[in-house]
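Following the numbering used here, the numbering of the sequence shown begins with 1461 at its first residue and continues without gaps.
C-beta: ideal position from N, C-alpha, C; glycine also.
Here is the structure we will look at, set down as structure tokens.
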Amino acid sequence: MLITCPYCGPRDVIEFSYQGDGNRARPQPASQNLDAWNAYVYDRLNPAGDHNEIWQHSGGCRAHLRVVRNTLTHEISSTTFARGDHKSAARHKAEGKS
């Protein structure tokens, strides 16, 4: 499977680390609501079709990416930086690092 990093271009999935479901909302760190934390940690959906995921390009620019992947075909329809303004990749590119 190839994932297209917006900074580095198409790369094999071996360069990436799956970071989790991109649709889940994390409870506030100071929250003591055990039901909310249990749901965040243990409850998982198993969707068939397009799924929003977070991946890290751990073998490359180290950017966190938001990937939309079809769970039936593994076809990737889009990849973007997980955060809209990716300053570290721009700085990395300006310094001439790959």
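Item: Rounded to a whole number of angstroms, what is the C-alpha to C-alpha distance between Phe1559 and Leu1532?; Value: For the chain, the structure presents residues 1461 to 1558; residue 1559 sits outside this window and is missing.
Item: In angstroms, rounded to a whole number, what distance separates the CA positions of Ala1542 and Asn1498?; Value: 24 Å
Item: Going by beta carbon distance, what residues of the same chain come within less than 8 Å of Gly1480, once the five residues before and after it are set aside?; Value: Glu1513 and Ile1514
Item: At what residues does the beta strand (DSSP E) containing Val1528 begin and finish?; Value: His1524 to Asn1530
Item: Scan the stretch 1476-1528 and note each continuous beta strand (DSSP E) run of 3 residues or more that stays entirely inside, going in chain order.; Value: 1477-1481 and 1510-1516
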